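Inspection log for the structure reproduced underneath, given as structure tokens.
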Amino acid sequence: MKNGKRFEKFKNKISFAGNEMNLFLLQWKEAMDSVPGIIYPIKMPKDWKFYRLVKRKYIIKVKDKDGRHFWKLTTKGMSIADLIAFGLGKKSKWDKRWRILIFDVEEDRKKYRDFLRRKLKELNFYQLQKSVWITPHPIPEAFAWFLNNYKLADSVHFIVAEEVSNNKKIKEYFELD
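Going by the working numbering, 99 is the number at position 25 of the sequence shown; the sequence numbering is gapless.
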């Protein structure tokens with residue numbers, strides 16, 4: 075069965091309700107297809123596909139107010155899907171450039187600022203200061219969609235640098251030469 079058809083079956087069986095990040099998952103089908111073992115295992119009996127997702131607590135069975143049962147993606151499942159969609163976790167040769175993210179989110183939008191910090195931690199950025207984060211990996215275009223979706227794009231700036239002072243700790247964190 076082709077990956078596209080598998081995804082369509084997966085999409086039809088799981089309700090992506092209540093969270094804007096769920097729309098993100100649907101829009102990044104191609105990223106999910108590139109890591110089939112997490113979204114749907116290859117060459118396993120059909121029943122095992124969802125069993126594995128349930129066992130790992132990526133999806134849960136819930137009941138709506140009409141008494142109908144459906145599958146819902148958990149927070150843990152969304153985090154894994156975010157990593158897949160952002161293309162992180164793939165080890166590639168370092169191009170000797172640092173990607174620095176600086177943000178200044180107003181106090182009245184504190185929950186968005188905290189949410190951004192949590193996402194940066196999940197995406198394995200290194201925190202230089204409270205609002206300055208760094209990674210050696212290219213920042214995927216999907217991240218721009220994420221920032222626009224949460225109306226954070228005007229508060230975030232990116233810098234690409236070839237040198238960062240005192241980078242020994244940072245290189246150790248990312249296990250770079």
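No residue lacks a Cβ here, since even glycine has one placed at the ideal position from N, Cα and C.
Computed from a predicted model, the values in this text were never measured in an experiment.
> In this structure, what does DSSP give as the bridge partners for residue 147?
Replying inline: 133
>> Only counting the same chain, and skipping five residues up and downstream in sequence, which positions put a Cβ closer than 8 angstroms to that of residue 236?
In response: Answer for residue 236: 170, 171 and 172, listed in chain order.
>> Buried or exposed for residue 234, going by 16 or more other Cβ atoms inside 10 Å?
In response: With a threshold of 16 other beta carbon atoms within 10 Å, residue 234 falls short and is exposed.
> Distance, Cα to Cα, residue 219 vs residue 211?
Replying inline: 18 angstroms
>> Please return the same chain residues whose Cβ sits closer than 6 angstroms to the Cβ of residue 201, not counting the five positions on each side in sequence.
In response: 207
>> Going by DSSP in three states, residue 176 sits in which element: helix, strand or coil?
In response: strand
>> Please list the terminal residues of the continuous alpha helix (DSSP H) segment that includes residue 189.
In response: Run containing residue 189: 184-196, per the alpha helix (DSSP H) assignment.
> Between residue 148 and residue 134, is the Cβ-Cβ spacing less than 8 angstroms?
Replying inline: Between residue 148 and residue 134, the gap from beta carbon to beta carbon is short of 8 angstroms.
> Is residue 182 near residue 229, with beta carbons less than 8 angstroms apart?
Replying inline: no
> Where does residue 247 sit, in a helix, a strand or coil, going by DSSP?
Replying inline: helix
> Whose C-beta lies closer than 7 angstroms to the C-beta of residue 187 among residues of the same chain, with five residues either side of it excluded?
Replying inline: 179
> Where residue 138 and residue 130 are concerned, what is the direct C-alpha to C-alpha distance, given to the nearest angstrom?
Replying inline: 22 angstroms
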